[in-house]
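Protein chains: 2
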Amino acid sequence: MSYPELNVPIRILLGPGPSMVHPRVLRSMATPLIGHLDPAFFQLMGEVQGLLRYTFKTTNLFTMALAGTGSAGMEASLANFVEPGDPVLICVNGYFSERMYEMAKRYGADVKRLEKPWGEIFSPDEVEKAVKEHRPKLVAIVHAETSTGALQPLEGLADVVHQHDALLLVDAVTSLGGTRLLVDEWDLDIVYSATQKALNAPPGLAPITLSERAVEVLKARKTPVTTWYLDLQLIGQYWGIERAYHHTAPISMIYALREALRLVEEEGLERRWRRHERAAQTLWDGLEALGLELYIPPEYRLPTLTTVKVPPDVNERMVRRHLLEDYNVEIAGGLGALKGRVWRIGLMGFSARKENVLMLLAALEDILKRK
Amino acid sequence: MSYPELNVPIRILLGPGPSMVHPRVLRSMATPLIGHLDPAFFQLMGEVQGLLRYTFKTTNLFTMALAGTGSAGMEASLANFVEPGDPVLICVNGYFSERMYEMAKRYGADVKRLEKPWGEIFSPDEVEKAVKEHRPKLVAIVHAETSTGALQPLEGLADVVHQHDALLLVDAVTSLGGTRLLVDEWDLDIVYSATQKALNAPPGLAPITLSERAVEVLKARKTPVTTWYLDLQLIGQYWGIERAYHHTAPISMIYALREALRLVEEEGLERRWRRHERAAQTLWDGLEALGLELYIPPEYRLPTLTTVKVPPDVNERMVRRHLLEDYNVEIAGGLGALKGRVWRIGLMGFSARKENVLMLLAALEDILKRK
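For the protein sequence lines, the chains are A and B, in the order given.
2 is the number of the first residue of the first sequence in the working numbering; add one for each residue after it.
2 is the number of the first residue of the second sequence in the working numbering; add one for each residue after it.
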């Protein structure tokens with residue numbers, strides 16, 4: 002048994018995440034560790050919270066990063082706000098809303114589905130109708146569906162949900178830092194994300210923010226949260242003024258997230274969103290010039306993740322394999338209902354640069370011509 | 002709002018973890034990312050599994066690293082093997098066995114406690130008596146109690162547990178890679194650990210290994226595991242031959258763990274255990290020479306984590322603050338029942354070096370004399 006030195010291929014990551022990580026973020030992880038209860042670490046945590054508030058566009062006190070990937074953020078959001086038997090409404094139109102449904106079921110919620118075909122979006126009226134019918138405690142929706150490339154408009158949704166005394170839970174995994182997300186202005190209650198998409202830190206943390214309304218609901222729980230690891234009240238005591246030990250924070254990942262968020266702040270959110278839009282528009286134009294068809298109509302097409310229909314005569318896996326093996330470019334295939342039918346191309350944060358788009362288009366053209 | 006460049010104090014970490022991370026491990030994290038479904042990443046995962054089997058002393062096929070800290074390993078171990086109403090026996094003699102108890106309760110187990118005062122250990126006879134009385138499906142015990150510094154002997158325990166058709170779950174958070182742990186020879190069924198202790202990777206992953214007996218029990222579950230994120234059957238499909246997407250693996254942490262485990266293999270487990278013993282003996286001798294009293298008797302004293310009684314006339318917090326502020330040395334205070342009564346000194350992996358011990362002893366002597 003003998004394992005060689007770490008020696009990984011250098012890839013251009015244009016899939017649904019992880020995206021490419023900025024060299025400054027990579028370098029930050031080579032910093033020697035300090036303890037998770039060191040006053041110097043508490044200061045870093047406070048800084049990460051401030052930077053997250055900037056990025057989420059919120060003043061929510063409860064804003065932090067959970068020690069797990071985006072899926073841990075999803076699970077924490079459902080597990081902490083659902084008690085057995087609670088009515089919950091999940092807006093299902095893709096792979097990740099299906100996952101929300103699965104999780105809510107496991108925690109014993111009385112889960113109703115508001116369904117649309119994959120790739121479509123919901124109007125406030127449709128949500129209101131379902132809310133009136135099911136009277137849920139919680140309505141969950143995905144802002145940027147990584148499986149379909151659809152961008153769900155969120156403006157006006159909270160009014161509908163709050164009028165019926167429910168909370169609005171939003172999956173912002175593929176939107177935070179990459180496309181307009183205004184937590185306070187849109188009055189969202191529970192919003193989680195992930196670090197490896199438009200924030201350009203490595204996977205491993207789940208940023209999350211809770212409105213005061215959500216914190217009140219959390220405090221009023223009658224039963225303990227089944228998951229101890231993702232119990233937001235306990236985690237909140239570590240990130241809050243108590244600084245009470247819960248688990249050992251992933252120090253190096255917090256270093257990385259802090260540096261990634263500094264890059265977001267330096268660029269400025271508005272400029273960053275525009276950069277994503279420009280990169281995506283270049284990609285969309287280029288793909289159409291290659292004769293390819295986009296899966297999502299332009300009105301609600303997500304800039305961070307584009308789905309392209311696989312032409313009928315093309316072997317989609319072979320194209321991806323060529324891209325990876327001959328060009329070191331990673332894109333992804335479809336998930337679930339779209340498996341084999343689309344490619345998924347991510348332009349997130351540091352990956353969302355014109356030069357990457359041009360390289361991908363040229364490589365795709367080569368491969369599609371060759372066959 | 003403006004956040005300066007990352008600039009953390011350089012600490013000597015001699016607390017209960019995180020321990021100091023070897024420069025080779027730090028450097029590995031500065032490696033550019035590849036995707037979590039890249040064939041090159043699957044190869045790395047396989048290598049990490051091989052290295053973990055070496056370190057756990059096991060041939061268990063189900064050997065992997067969960068995407069959370071040690072507490073996530075604990076939660077996965079309980080959540081996956083406990084169904085509501087299942088009888089479970091927890092051997093409680095410290096902070097982390099109390100945490101196991103808390104988690105098992107949350108997952109709806111019928112939990113019995115076999116109790117001993119903090120810092121004591123259990124004999125196979127005592128466990129057998131409790132097993133005969135309660136007929137548990139699962140017996141959980143902590144190998145190396147980070148809160149007390151006691152090392153629980155495990156030889157012979159599995160026979161007692163298996164004779165009564167139960168599984169033996171072992172918390173090896175502070176033992177793996179630092180003191181003798183023989184998963185196969187001792188016939189342990191479920192063993193989890195953490196990366197930030199004697200393995201010297203940053204916190205953020207939980208190595209875990211399951212015996213075939215445990216895998217059979219897992220497969221025979223009648224109800225879905227409540228936690229989706231820590232569902233071992235789903236995670237096993239990602240780490241297994243299926244390589245089925247579950248969540249986005251924390252790529253940079255896997256790089257770090259791989260490098261940390263390479264260091265374990267290069268040193269050799271036996272030599273590594275002896276190095277920990279020698280460093281600990283030097284510490285113990287030095288502390289006693291300073292007139293301090295150790296909390297745990299030598300017969301079952303843990304080399305990786307030493308508890309020292311705080312003399313009655315000494316302000317324990319002040320001593321720790323001096324150590325941190327004036328010498329950049331981190332040690333910890335007591336947890337739970339031992340709060341204020343002991344200091345906890347960790348000598349784990351890369352931290353377990355004679356030079357660190359001498360520095361700590363000299364600094365402690367200075368501080369204790371000064372007051």
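All C-beta atoms, glycine included, are put in the ideal place defined by N, C-alpha and C.
Not flagged as an interface residue toward chain A: B/P208, since no C-beta distance is shorter than 8 angstroms.
Residues Y256, A257 and E260 of the same chain have their beta carbon placed closer than 6 angstroms to that of A/S29, with the five preceding and five following residues left out of the count. For the pair A/T180 and A/R302, the Cα-to-Cα distance works out to about 11 angstroms. Straight-line measurement puts the Cα of A/T249 at about 15 angstroms from the Cα of B/M254. Take B/E129, set aside five residues on each side of it, and the residues of its chain with a beta-carbon closer than 7 angstroms to its own are V161, in chain order. Within chain A, no C-beta atom comes nearer than 7 angstroms to that of B/E129; the closest sits roughly 29 angstroms away. If only complete runs of 4 or more residues are kept, the region 202-229 of chain B shows the alpha helix (DSSP H) at 213-220, in order along the chain.
Under the three-state reduction of DSSP, B/I236 is assigned to helix. For secondary structure counted as the alpha helix (DSSP H) over 4 or more consecutive residues, the region 141-215 of chain A holds these complete runs in sequence order: 158-164. Chain-ordered, the chain B residues with CB closer than 7 angstroms to the CB of A/Q197 read T249.
No residue range can be given for B/V22, since it is assigned to no beta strand (DSSP E) and is classified by DSSP as neither H nor E.
According to the DSSP assignment, A/P85 belongs to no alpha helix (DSSP H), since it is labelled neither H nor E. One thing to note: B/L262 has its Cβ within 8 angstroms of the Cβ of B/V49.
Taking a C-beta distance under 8 angstroms as the contact criterion, B/M349 and B/A207 do not qualify as a contact pair. For A/I11, the chain B residues whose Cβ falls inside 9 angstroms of its Cβ are P33 and I35, in order along the chain. Looking at A/R342, A/L361, A/K370 and A/K58, the one whose alpha-carbon comes closest to that of A/V184 is A/K58. A contact is defined here as three or more CB-CB pairs under 8 angstroms, and the region 331-341 of chain A fails this definition with respect to the region 5-12 of chain B. When C-beta distances to chain A are compared with 9 angstroms, the residues of the region 251-279 of chain B below that value are P251, I252, S253, M254, Y256, A257, R259, E260, L262, R263 and E266, in chain order.
From the listed residues B/Y4, B/A77 and B/A141, the smallest Cα separation to A/L231 is found for B/A77. Contacts between B/P203 and chain A, judged by CB atoms closer than 7 angstroms, involve L34, P251, I252 and S253 in chain order. For B/V26, the closest C-alpha among the options B/W187, B/Q197 and B/P125 is that of B/Q197. In terms of Cα proximity to B/L306, the closest of B/G334, B/M319 and B/V315 is B/G334.
Assignment of A/V112 by DSSP, reduced to helix, strand and coil, places it in the strand class. About 12 angstroms separates the beta carbon of B/T147 from that of B/G120, a gap too long to meet the 8 angstroms contact definition.
Within chain A, no residue has its CB atom less than 8 angstroms from the CB of B/T56, the nearest being about 11 angstroms off.
The beta strand (DSSP E) runs lying completely inside the region 288-316 of chain B and spanning 3 residues or more are 306-310, given in chain order. Of the residues A/P203, A/L155, A/P225 and A/A202, the one whose Cα lies closest to the Cα of A/I191 is A/L155.
Looking at the DSSP output, A/T64 bridges to A/T210. Under the Cβ distance rule, B/T305 does not count among the residues neighbouring chain A, no pair being separated by less than 8 angstroms. Distance check between A/G205 and each of B/A68, B/I236 and B/E278 places B/A68 closest, using alpha-carbon atoms only. Ranking B/Y4, B/S3, B/I13 and B/P5 by CA distance to the CA of B/A353 puts B/I13 first. For B/S29, the neighbours in chain A by C-beta distance under 7 angstroms run, in chain order, L7.
DSSP, read as helix, strand or coil, puts A/L139 in strand. With a threshold of 16 other beta carbon atoms within 10 Å, A/E331 meets it and is buried. Residue state for A/W285 is assigned as helix, using DSSP reduced to three classes. Close partners of B/R107 in chain A (Cβ separation under 8 angstroms): P225, V226, T227, T228 and W229.
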